[in-house]
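Colleague:
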Amino acid sequence: MTHPTLILGGGIIGLTTAYNLQQRGVATTLIDADTILGGASSGNAGHLAAEYNYPVANLATLARLPAILLNPLGPLRIDWRYLPRLIPFGCRMIANMTPARYQHIHRALYNLNRDSVDAWERLAARVPLRQYIHRDGILHIASRAKTAAGLADQAAKNRALGLACEHIPRAALPDYEPALAEDQQGGLYYPESAHISDLAAIGRTLADALRAAGGDIREHCRIRHIIRTEDGYTLHDDNGNTHHGATLILCTGAYSKPFIQQLGAGKIALDTERGYHLMLPHEHTRLRRPISSIDHSFVMTPMEHGLRLAGTVEYAGLNAPANMARAHNLLPLANKLLRRPLDDRDAAPWMGCRPTTADSLPVIDRQDRLLLAFGHQHLGLTQAALTAELVSALYHDETPALDLTPYRLARFG
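Each residue of the sequence shown is one higher than the last, beginning at 14 in my numbering.
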């Protein structure tokens, strides 16, 4: 009997990975505790952020830590009750803030991101996704004169790295986005970044393509135990069912750590950044393209079903109740950036758990018949199509298009 390859985790990483393998003739079974493309993959900003090449944490963030702990609605919040559990992870994160480590991570993120949007285009050549992928760039704006003063230098640094970036002076902002308030100070335009206008449609289309290619999808299967066997892996779920496969691919995002420990695969410095969004269903046409606020750390993305205000980082673990005040607080921040207040009728808040490693880099690796693809922090959607290609190369013992050394699990010791 031939056993399939099991992909555990049906977010955007697992879904694209399953489709890539199935299309190459690998019998795949995609398993998720809830529904396919739920969780963080359903609630992200829809931003294919090719320009986001910097670690999550830096020394400037560390200097602001006392103020962060006192502001429950700020762009970064640490729940003081979770702080003792966060300390070991935080120490590993601080160790990655040295100039040498920071530059190493910066380069590793750039190497992943530089081909990420093109990878989505390659996927869209095989699956009908093009109508949802919009390559009209991303505009980052500065509300404060002090922030705007450094934009020209930042644009030059980006171009030196090889990233297309234009400095937009204050007077030219209306040419890029007429809806912005007149008091915005300047911006950076990244023409090669993109956004997705309907995440649910992306999920449905990919899931249909996976099934059409012969793939199996099993939803509402919460896996509790994984057992290595002589011929592969057996997964036991809460419903009393077992799932057996010759190869296992972990795409379990923020929930990966217990599985890594069960399998004895190695150490992992992984936690979750809880992100929030507020969906405004009556704001379909306000913006031409996504707008990212440099000073307030959130994104406004025009989507098929309205305008999504997304952002903020909260360290409070996987199980703490959502604080939806953080989602609703995005509305007054957005209104400060625009000429006219947004229509907030029927506004819908959301919270989800993003997987973040202590060095802001994902794990993309292979250990015999176990493959790993998780920990993409804010960049899961951005890097999903490329990650699927890299995992497929690992699976087939091919040379990946990218040196995967910075993303190996062994880096955590």
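Positions of the beta carbon are idealized from the N, C-alpha and C atoms, including for glycine.
Return the bridge partner residues of Met292 from the DSSP annotation.
Modeller: Paired residues: Arg321, Ala361.
Colleague: Alpha carbons only, please: which of Phe311, Tyr202, Leu291, Ser405 is nearest the one belonging to Leu89?
Modeller: Comparing Cα positions, the closest option is Phe311.
Colleague: Measuring alpha carbon to alpha carbon, tell me which of His318, Leu385, Gly288 ends up nearest His341.
Modeller: Residue Gly288 is the option with its Cα nearest to His341.
Colleague: Straight-line CA distance for Leu122 to Arg421?
Modeller: When rounded, the distance between both Cα atoms is 14 Å.
Colleague: Where are the alpha helix (DSSP H) runs, 4 residues long or more, that stay fully inside the segment 112-198, in chain order?
Modeller: Listed in chain order, the complete alpha helix (DSSP H) runs (minimum 4 residues) inside the segment 112-198 are 112-126, 129-137, 158-161, 164-174, 186-189.
Colleague: Classify Ile44 as helix, strand or coil using the three-state DSSP reduction.
Modeller: Reduced to three states, the DSSP call for Ile44 is strand.
Colleague: Going by C-alpha to C-alpha distance, which of Asp357, Val39, Ser206 sits closest to Thr395?
Modeller: Residue Ser206 is the option with its Cα nearest to Thr395.
Colleague: DSSP three-state label for His391, please.
Modeller: Note: His391 maps to helix in three-state DSSP.
Colleague: Please report the straight-line C-alpha distance between Leu417 and Phe387, rounded to a whole angstrom.
Modeller: Each residue's alpha carbon lies about 14 Å from the other.
Colleague: Can you look up His208 in the DSSP assignment and give me helix, strand or coil?
Modeller: DSSP places His208 in strand when its eight states are reduced to three.
Colleague: Using a Cβ-based criterion (distance less than 8 Å to any ligand heavy atom), does Gly330 qualify as near the ligand MN?
Modeller: The ligand MN is not part of this structure, which contains no ligands at all.
Colleague: Out of curiosity, what's the CA-to-CA distance linking Leu4 and Thr260?
Modeller: For residue 4 there is no data in the structure shown, the boundaries of the chain being 14 and 426.
Colleague: Suppose you measure from the CA of His257 to the CA of Pro354; what does that come to, to the nearest Å?
Modeller: About 54 Å.
Colleague: Taking only the alpha-carbon atoms, compute the straight-line gap between Arg231 and His16 and give it to the nearest angstrom.
Modeller: Roughly 15 Å between the two C-alpha positions.
Colleague: Which value, in whole angstroms, describes the spacing of the CA atoms of Pro141 and Leu83?
Modeller: If you take the alpha carbons of Pro141 and Leu83, they lie about 47 Å apart.
Colleague: So Gln390 and Val39 are in contact, right, with Cβ under 8 Å, and what is the actual spacing, rounded?
Modeller: Incorrect: roughly 28 Å between the Cβ atoms, too far for contact.
Colleague: Beta-carbon within less than 7 Å of Asp128's beta-carbon, same chain only, minus the 5 sequence neighbours each way: which residues are those?
Modeller: So the qualifying residues of the chain are Leu399.
Colleague: Could you round the C-beta distance between Leu75 and Ile107 to whole angstroms and report it? I think they count as a contact, below 8 Å.
Modeller: Between Ile107 and Leu75 the Cβ distance is about 7 Å, and since that is below 8 Å, they are a contact.
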